[in-house]
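Visitor: Structure below; questions to follow.
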Amino acid sequence: MKKDEPIERHTISVLVDNEAGVLARVIGLFSGRGYNIESLTVAEVDQAEHTSRITVVTSGTPMVIEQIKAQLDRLVPVHKVVDLTVETKAVEREMALVKVAGSGEKRVEALRLSDAFRARVIDTTHASFIFEVTGTPEKLDAFIGLMRSLGLVDVSRTGVVAIARGPEAM
Amino acid sequence: MAAQELTGAEIVIKALVDQGVDTIFGYPGGAVLPIYDALFQQNKIRHILVRHEQGAVHAAEGYARSTGKPGVVLVTSGPGATNAITGLTDALMDSIPLVCLTGQVATHLIGSDAFQEADTVGITRHCTKHNWLVKSAPELARVMHEAFYVATHGRPGPVVIDIPKDVQFQKAEYTVSPHITHRTYRPVVKGDIEKIKEAVDLIANAKKPIFYTGGGVINSGPVASQLLREFVRLTGYPITSTLMGLGAYPASDKQWLGMLGMHGTYEANNAMHDCDVLINIGARFDDRVTGRLDAFSPHSKKIHVDIDASSINKNVRADVGIIGDCAHVLEDMLRIWKSKARRPDKAALADWWKQIDLWRGRKSLAFKTNDEVIKPQQAIQRLFEMTKGRETFITTEVGQHQMWAAQHFHFDEPNRWMTSGGLGTMGYGLPAAIGAQIAHPKALVVDIAGEASILMNIQEMSTAVQFMLPVKIFILNNEYMGMVRQWQELLHEGRYSHSYSDSLPDFVKLAEAYGATGIRASKPSELDAAIQKMIDTPGPVIFDCRVDQFENCYPMIPSGAAHNEMILGDDPEGASVSEEGKMLV
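Chains A and B, in that order, give the protein sequences.
Here the numbering used here is used: the first residue of the first sequence is 286, the next is one more, and so on.
Here the numbering used here is used: the first residue of the second sequence is 2, the next is one more, and so on.
This is the structure:
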């Protein structure tokens with residue numbers, strides 16, 4: 286085992302049976318074995334089959350990433366584990382709701398910048414906007430960073446969802 | 002015509018019978034009363050009443066490990082379930098198939114902090130392979146059969162089924178077949194044939210090979226042991242094993258090097274360090290085995306066969322990793338070896354054995370006896386000699402006695418040796434012996450114990466007496482938590498902080514108080530006769546074997562050291578542990 290192996294960031298998709306406690310199993314695996322979770326999203330993707338897709342962004346050495354995949358794969362309700370960072374080219378998206386409060390020039394500037402990021406205004410008062418912005422996590426970071434000096438008061442992010450390019454299913 | 006409706010409790014019993022279960026270990030309580038009532042009204046399943054739920058789980062482990070069948074446990078909600086946790090964790094670490102049924106408060110009370118309520122599936126999620134909360138009787142039969150499937154397939158392990166009390170009363174049809182196709186869990190048993198070919202090439206071309214086998218061979222069943230023997234003999238290569246794998250290869254064979262690891266033999270550990278091809282069959286590169294990882298077997302190509310993909314490349318990088326069941330992979334290895342008419346490199350092998358014989362000549366397990374005091378190793382050696390030729394099952398507690406048992410009691414058959422390897426659970430041995438004795442009523446079952454460990458589940462003496470189980474508890478009594486004391490000598494300048502076994506009971510009187518037989522031996526001259534008396538006594542026996550108080554367990558790889566940096570019993574001076582090593586357990 287090499288201690289100086291580089292830390293890599295990986296996006297892993299996990300298809301699971303949507304049974305009680307399945308999310309706790311996945312999270313418990315990460316906390317119990319000391320793995321990182323940078324973001325985690327989960328929702329049912331097939332109602333008839335009762336399957337959910339969990340997208341987890343994690344980081345670790347290549348050996349740790351391999352362990353994480355093997356550990357996930359041996360959980361009983363797991364159908365399939367795919368490392369979207371390694372095995373395929375994938376697209377990743379995240380959505381954020383960003384509340385910015387303010388007035389005057391700052392308010393105008395926030396609106397102008399939101400346009401550059403193709404953020405949508407989904408709620409407005411005389412004193413605030415809520416923007417809906419979608420993109421890569423880096424794009425969201427950039428947008429939120431810019432809003433900080435313009436009256437940012439609240440952020441809610443979904444975490445990353447990802448899917449492989451090309452015609453095949455996971 | 003609709004199938005007959007059964008209560009949830011009856012479904013549990015019927016599913017157990019359909020799974021071929023004839024014995025369960027348990028303890029009743031409020032939330033499992035309906036299942037106990039259903040047990041009362043049938044005679045296909047025998048219930049062994051333990052005295053503490055931890056004992057039930059260890060007994061089921063002893064039953065499972067001595068038979069290869071899953072062990073079954075029945076306990077109540079709340080404290081019943083939490084008392085089972087140590088046993089479940091033990092079974093998870095050692096890959097023992099168990100099905101543990103826990104009672105739960107009625108579904109409408111869950112979450113209300115009801116009497117004897119605990120979040121059993123939440124608590125046991127981390128110490129089971131899988132678990133289920135069954136919220137209605139119609140799911141119950143399916144879950145029961147799925148639970149047996151999950152516990153016994155792939156890498157075996159414990160599972161929990163949590164059954165609320167109202168579900169035990171609720172009626173439903175029992176329609177499920179005991180043989181299921183699981184939706185998601187389908188472990189690979191056949192290894193990748195290309196990788197097996199690659200492994201066989203490496204094995205055939207090795208100059209300094211060694212087989213390193215583990216509990217996976219035992220778990221794979223007796224066929225795996227047979228195939229391992231055939232393959233090892235065909236190659237003529239040396240073989241060592243982990244604590245968990247003892248018995249898969251006969252210890253009486255000349256190719257056997259003894260156990261490896263922290264208290265393994267000098268020849269096994271040095272051969273691991275110097276080998277050029279390491280053939281790991283069903284072991285997991287545990288830290289007790291590898292010692293310092295960056296100095297572990299530094300010059301070898303490593304083949305790793307394991308049914309659990311997550312074991313491969315977890316601690317040690319494998320050059321050839323084969324995911325599969327040991328028996329299947331060994332069968333393929335043998336077939337390929339034979340069909341390609343492979344031959345080992347005779348000249349290289351002869352040199353390798355010459356080197357190994359030099360290491361063997363060091364006699365790392367040797368110890369000095371005298372007329373005054375019984376050496377613990379001597380006691381085990383005599384026990385071994387005097388029980389040869391019998392069908393003997395050995396369980397242990399945890400500590401020095403456990404390591405001495407592994408070193409000096411030699412096993413020629415699998416499933417005869419039961420010890421808590423991964424978790425290191427003191428208190429394991431007596432209930433495990435009870436489980437083994439239940440499964441093998443005519444065999445000699447001995448719990449090799451320490452005076453500290455045995456007190457952790459001593460209450461199971463009542464179980465042994467009640468069910469007339471002639472288990473023999475062979476206590477190596479040195480009045481110390483010996484392994485703790487040994488480490489305090491090594492790491493803490495002999496400050497024996499709380500490792501003296503003060504206020505011990507009189508074990509002979511204790512045995513008698515339980516209605517069993519107590520025997521004591523204090524002098525080497527008394528030993529043989531006392532052991533013979535123990536063997537000849539029909540019922541349970543507590544044997545208080547007073548041994549040298551300060552004997553330490555050698556050889557030893559101190560924590561943080563490499564395989565070729567062993568401390569030997571005749572040269573313990575100069576033993577030191579690095580600052581980094583002190584952090585390790």
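Backbone N, C-alpha and C fix where the C-beta goes; we use that ideal spot for every residue, glycine too.
Output needed for Trp-418/B: all residues of its chain with C-beta closer than 6 Å, excluding positions within five of it in sequence on either side, in chain order.
Guide: For the purposes of this step, residue 418/B is taken as the residue at position 417 of the second sequence. Leu-247, Gly-248, Ile-395 and Phe-412, listed in sequence order.
Visitor: Determine, using beta carbons only, whether Arg-126/B comes closer than 9 Å to chain A.
Guide: If you number the second sequence from 1, residue 126/B lands on position 125. It does: the Cβ of Arg-126/B has a partner Cβ on chain A nearer than 9 Å.
Visitor: So, using beta-carbon positions, are Val-33/B and Gln-169/B closer together than 9 Å?
Guide: To locate residue 33/B, count along the second sequence from 1; it is residue 32. To locate residue 169/B, count along the second sequence from 1; it is residue 168. Yes, Cβ-Cβ distance for Val-33/B and Gln-169/B is below 9 Å.
Visitor: Three-state secondary structure (DSSP) at Glu-414/B?
Guide: Within the second sequence, the letter at position 413 stands for residue 414/B. In the structure shown, Glu-414/B sits in coil (DSSP, three-state: anything other than H, G, I, E or B).
Visitor: List in chain order: all unbroken beta strand (DSSP E) runs of 3+ residues lying wholly within the stretch 461-531 of chain B.
Guide: Correct list: 473-478 and 518-522.
Visitor: Given a cut-off of 9 Å, decide if Ser-96/B and Arg-187/B are closer than it, judged by their beta-carbon atoms.
Guide: Walking along the second sequence from the start, residue 187/B turns up at place 186. Walking along the second sequence from the start, residue 96/B turns up at place 95. No.
Visitor: How is the beta strand (DSSP E) around Ser-337/A delimited, first residue to last?
Guide: Position 52 of the first sequence, counted from the first residue, corresponds to residue 337/A. Taken as a continuous stretch (DSSP letters only), the beta strand (DSSP E) holding Ser-337/A covers 336-345.
Visitor: Closest by CA to Trp-133/B, which one among Gly-387/A, Gly-420/A, Val-307/A and Ala-427/A?
Guide: Along the second sequence, read from residue 1 onward, the residue named residue 133/B stands at position 132. The candidate whose alpha carbon is nearest that of Trp-133/B is Val-307/A.
Visitor: Measure the Cβ-Cβ separation of Gly-81/B and Glu-54/B and say whether it is below 9 Å.
Guide: Locating residue 81/B in the second sequence gives position 80, counting from the first residue. Locating residue 54/B in the second sequence gives position 53, counting from the first residue. Yes.
Visitor: Determine the DSSP secondary structure at Leu-50/B, reduced to helix, strand or coil.
Guide: Indexing the second sequence from 1 puts residue 50/B at position 49. Leu-50/B falls in the strand class under three-state DSSP.
Visitor: Rounded C-beta distance between Tyr-28/B and Leu-50/B? I'm assuming under 8 Å.
Guide: On the second sequence, position 27 is the one that residue 28/B refers to. On the second sequence, position 49 is the one that residue 50/B refers to. Yes, they are in contact, since the Cβ atoms of Tyr-28/B and Leu-50/B sit about 7 Å apart, within 8 Å.
Visitor: Output needed in chain order: residues of the stretch 81-107 of chain B with a Cβ under 8 Å from some Cβ in chain A.
Guide: The residues in question: there are none.
Visitor: On the criterion of 16 or more Cβ atoms from any shown chain inside 10 Å, does Asp-91/B qualify as buried, or is it exposed?
Guide: Within the second sequence, the letter at position 90 stands for residue 91/B. Buried, since its Cβ has 16 or more Cβ neighbours within 10 Å.
Visitor: Looking at chain B, is there any beta carbon in it that lies within less than 9 Å of the beta carbon of Thr-443/A?
Guide: Sequence index remark: in the first sequence, residue 443/A carries index 158 (1-based). By this cut-off, Thr-443/A is not an interface position.
Visitor: Check whether the Cβ of Asp-426/A lies closer than 9 Å to any Cβ atom in chain B.
Guide: As a working note, residue 426/A is residue 141 in the first sequence. By this cut-off, Asp-426/A is not an interface position.
Visitor: Nearest chain B C-beta to Leu-360/A closer than 9 Å, yes or no?
Guide: For the purposes of this step, residue 360/A is taken as the residue at position 75 of the first sequence. Judged by the 9 Å Cβ criterion, Leu-360/A is in contact with chain B.
Visitor: Would you tell me roughly how many angstroms separate the C-alpha atoms of Met-567/B and Ser-502/B, rounded to the nearest one?
Guide: Numbered from its first residue, the second sequence carries residue 567/B at position 566. Numbered from its first residue, the second sequence carries residue 502/B at position 501. Rounded to the nearest angstrom, the two C-alpha atoms are 29 Å apart.
Visitor: Out of Thr-388/B, Tyr-175/B, Gln-408/B and Cys-276/B, point me to the one whose CA is closest to Ala-531/B's CA.
Guide: Position 530 of the second sequence, counted from the start, is the residue given in the question as residue 531/B. Selected option, being the one with the closest Cα: Thr-388/B.
Visitor: Taking only runs that begin and end inside the stretch 285-323 of chain B, name each unbroken alpha helix (DSSP H) of 4 or more residues, in chain order.
Guide: Runs found: 288-291.
Visitor: Quick one: grab the DSSP three-state call for Lys-172/B.
Guide: Residue numbering aside, residue 172/B sits at position 171 when the second sequence is read from its first letter. Reduced to three states, the DSSP call for Lys-172/B is strand.
Visitor: Which of the three DSSP states is assigned to Phe-416/A in this structure?
Guide: Translated into the one-based positions of the first sequence, residue 416/A becomes position 131. Three-state result, Phe-416/A: strand.
Visitor: When the Cα of Thr-8/B is compared with those of Gln-20/B, Tyr-37/B and Thr-24/B, which residue comes out closest?
Guide: In the second sequence, residue 8/B corresponds to position 7, counting from 1. Selected option, being the one with the closest Cα: Tyr-37/B.
Visitor: Three or more C-beta pairs closer than 8 Å, one from the stretch 471-480 of chain B and one from the stretch 537-553 of chain B: is that the case here?
Guide: Output reads yes: the stretch 537-553 of chain B touches the stretch 471-480 of chain B.
Visitor: Compute the Euclidean distance between the alpha carbons of Met-2/B and Ser-178/B, then round it to the nearest angstrom.
Guide: Within the second sequence, numbered from 1, the residue matching residue 2/B stands at position 1. Within the second sequence, numbered from 1, the residue matching residue 178/B stands at position 177. Residue confidence for Met-2/B is low, a pLDDT of 48 falling below 50, so the modelled location carries little weight and cannot support an answer.
Visitor: Is Met-2/B close to chain A? Criterion is C-beta to C-beta, closer than 9 Å.
Guide: Within the second sequence, the letter at position 1 stands for residue 2/B. Because Met-2/B carries a pLDDT of 48, less than 50, the predicted location of this residue cannot be relied on, and the following value inherits that uncertainty. Chain A, which has no Cβ nearer than 9 Å to the Cβ of Met-2/B, makes this no.
Visitor: Name the DSSP beta bridge partners of Ala-375/A, please?
Guide: Against the first sequence, residue 375/A aligns to sequence position 90. The partner list for Ala-375/A (beta bridge, DSSP) reads Ala-449/A.
Visitor: When Cβ atoms are compared, which residues of the stretch 289-309 of chain A fall closer than 7 Å to chain B?
Guide: Here the close residues are Asp-302, Ala-305, Gly-306 and Ala-309.
Visitor: With a 10 Å radius around its C-beta and 16 neighbouring C-beta atoms as the bar for buried, classify Ser-242/B as buried or exposed.
Guide: Along the second sequence, one-based indexing puts residue 242/B at 241. Counting Cβ neighbours within 10 Å, Ser-242/B comes out buried, since at least 16 surround it.
Visitor: Going by beta-carbon coordinates alone, are Tyr-250/B and Ile-211/B separated by less than 9 Å?
Guide: For the purposes of this step, residue 250/B is identified with residue 249 of the second sequence, where counting begins at 1. For the purposes of this step, residue 211/B is identified with residue 210 of the second sequence, where counting begins at 1. Their beta carbons are not under 9 Å apart, which means Tyr-250/B does not touch Ile-211/B by this criterion.
Visitor: Could you name the residues that DSSP lists as bridge partners for Asn-281/B?
Guide: One-based indexing of the second sequence puts residue 281/B at position 280. Tyr-213/B and His-305/B.
Visitor: So, does the stretch 267-278 of chain B touch the stretch 307-316 of chain B, judging by three or more C-beta pairs under 8 Å?
Guide: Contact between the stretch 267-278 of chain B and the stretch 307-316 of chain B is absent, because fewer than three Cβ pairs lie under 8 Å.
Visitor: Using CA coordinates, which residue listed in Phe-508/B, Pro-165/B and Pro-98/B is at the minimum distance from Ala-60/B?
Guide: Taking the second sequence and counting its residues from 1, the one referred to as residue 60/B is at position 59. The residue with the shortest Cα to Cα distance from Ala-60/B is Pro-98/B.
Visitor: Kindly indicate the opening and closing residues of the alpha helix (DSSP H) around Gly-436/B.
Guide: One-based indexing of the second sequence puts residue 436/B at position 435. Gly-436/B -> alpha helix (DSSP H) spans 430-440.
Visitor: Apart from the five residues on each side of it in sequence, which residues of its chain come closer than 6 Å, Cβ to Cβ, to Met-535/B?
Guide: As a working mapping, residue 535/B is identified with position 534 in the second sequence. Result list for Met-535/B: Lys-473, Ile-520, Val-542 and Phe-544, in chain order.
Visitor: Spell out whether any CB of chain A is found under 9 Å from the CB atom of Arg-289/B.
Guide: Numbered from 1 along the second sequence, position 288 holds the residue referred to as residue 289/B. Chain A contact via Cβ: absent.
Visitor: State the beta-bridge partners of Cys-546/B as determined by DSSP.
Guide: The residue labelled residue 546/B in the question sits at position 545 within the second sequence. BP columns for Cys-546/B point to Leu-477/B and Ala-522/B.
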